[in-house]
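One structure below.
2 protein chains.
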Amino acid sequence: MPASDCLLCRPGNPLKTLWSNRKLRVVDAAEAGFPGFTRVIWNEHIAEMSDLDGADRDYLMNAVWLVEAALRNELMPQKVNLAQFGNQVPHLHWHVIPRWPLDSRFPQAFWAPPVERSPEQVLAWDVFQEQLENRLPDYWHTLRHALDTLPPSV
Amino acid sequence: MPASDCLLCRPGNPLKTLWSNRKLRVVDAAEAGFPGFTRVIWNEHIAEMSDLDGADRDYLMNAVWLVEAALRNELMPQKVNLAQFGNQVPHLHWHVIPRWPLDSRFPQAFWAPPVERSPEQVLAWDVFQEQLENRLPDYWHTLRHALDTLPPSV
């Protein structure tokens, strides 16, 4: 796929950018029912991790680890899920997904069909999810401070 | 989850070990319809990447990159998918999944429901899959040589 056809190369992506520099950007994935779901997007149009040189690979992964740590510190998920697929948009981006026992797909993957829940579970998750959403500004604040520790991109 | 209950800590896991040292092991995931699907399993019972120190995190990821490179060199997939979930088995393991346009779920995630295919597509994939399976010994050979370049674990 040429960069000219790539969704992640096009300007005007509607997702909220939480932090960016010349090498990468970090966005709120804004996936309904998954508060805190964050994406780390490499700016250059590259498909695979092994297409990056070692220094850039480390740079990108260090950003992913900082996202994971900020999620854990601020939202305390049961588990963090990390994924780099790109089957539909072959431009390097990492999904960093905080997971909780009552989210709609736990313990299955985010990409699996929803798990059946009782009405009580749905209600409990709705209440908890609202608390998580209220915590997002704190998470984003912590995240930005953490990403500011990355070496400057040149 | 204590290590005593963990599937990845229990001896006698039936999956074929392709390479191992004290820190990690690399196994053939043996997922039907996904030739070359490989897992990199950290030996110590640890749940999250941010629970590892930086040196061990780099060590594990370097193994993942070597798996990706060997897959690309020997099997030439359309895309490589990388994932670390652990919702059901919270013990660090990376899925490294070579993907092809006619595999049963492309371009969806491996964890998504199967995509509908025509009989011709199913037949074409069966033929291609057999060729891939015949290439697996070469992939494993290249993979082992690549993993031998990792620094010794101490």
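Residue numbers (the working numbering), protein chains in the order written: chain A, 110 to 263; chain B, 110 to 263.
Every residue, glycine too, gets a C-beta built ideally from N, C-alpha and C.
Inter-residue Cα distance where the pair is residue i and residue j
i: Q81(A); j: L117(A); result: Coverage of chain A is limited to positions 110 through 263, which leaves residue 81(A) absent and any answer about it impossible.
i: A218(A); j: P199(A); result: 20 Å
i: R208(B); j: H204(A); result: 18 Å
i: F318(B); j: K188(A); result: The structure shown does not extend to residue 318(B), since chain B is modelled only from 110 through 263, so no value can be given for it.
i: L211(A); j: D160(A); result: 37 Å
i: W249(B); j: M170(B); result: 18 Å
i: C115(A); j: R214(B); result: 21 Å
i: R226(B); j: W234(B); result: 10 Å
i: H202(B); j: P228(A); result: 33 Å
i: Q193(A); j: V224(A); result: 23 Å
i: T258(B); j: Y168(B); result: 12 Å
i: A156(B); j: G195(B); result: 7 Å
i: L133(A); j: W220(B); result: 27 Å
i: A138(B); j: E153(B); result: 19 Å
i: D162(A); j: A178(B); result: 12 Å
i: A112(A); j: A112(B); result: 46 Å
Beta-carbon contacts of residue i that lie in its chain and below 6 Å, excluding the five residues immediately before and after
i: N130(B); result: S262
Reduced DSSP category for residue i - H, G, I as helix; E, B as strand; rest coil
i: Q187(B); result: coil
i: D212(B); result: coil
i: W151(B); result: strand
i: D247(A); result: helix
i: Q230(A); result: helix
i: L175(A); result: helix
i: D137(A); result: strand
i: S262(B); result: coil
i: A192(B); result: strand
i: H200(B); result: coil
i: L169(A); result: helix
i: V205(B); result: strand
i: L241(B); result: helix
i: L117(A); result: coil
i: L124(A); result: coil
Sequence-distant residues of the same chain with beta carbon closer than 8 Å to residue i, five excluded per side
i: V135(A); result: T126, L127, W128, S129, T147, R148, V149, I150, A172, V176, L252, L256
i: E242(B); result: P144
i: P186(A); result: G145, L180, P207, R208, W209
Under 8 Å from the C-beta of residue i: neighbouring residues of chain A
i: G142(B); result: Here the premise fails: no neighbours, minimum Cβ distance about 15 Å.
i: Q217(B); result: N196, W220
i: A192(B); result: N190, L191, A192, Q193, F194, A218
9 Å Cβ cut-off: residues of chain B touching residue i
i: P261(A); result: Going along chain B, no residue has its Cβ under 9 Å from P261(A), so there is no contact; the nearest lies around 19 Å.
i: E177(A); result: E157, M158, S159
Proximity test, residue i beta-carbon vs the ligand MN heavy atom, cut-off 7 Å
i: N152(A); result: No copy of the ligand MN appears in this structure; indeed no ligand is present at all.
Neighbourhood of residue i by C-beta distance below 7 Å, restricted to the same chain and skipping five residues each side
i: W110(B); result: Looking at the sequence itself, residue 110(B) is Met, so the reference to Trp does not match. P199, listed in sequence order.
i: E183(A); result: R244, D247, Y248, T251
i: L166(A); result: Per the sequence shown, residue 166(A) should be read as Arg rather than Leu. Cβ neighbours of R166(A) beyond the five flanking positions: M158.
Any C-beta of chain D under 8 Å from that of residue i
i: V135(B); result: No chain D appears in the structure shown, which is made up of the protein chains A and B.
Chain A residues whose Cβ lies nearer than 7 Å to that of residue i
i: R119(B); result: The contacting residues do not exist; R119(B) stays about 19 Å from chain A at best.
Amino acids of chain B, ordered along the chain, whose beta-carbon sits closer than 7 Å to that of residue i
i: P199(A); result: K188
i: M170(A); result: M170
Proximal residues of chain B, C-beta to C-beta of residue i below 8 Å
i: W174(A); result: M158, S159, R166
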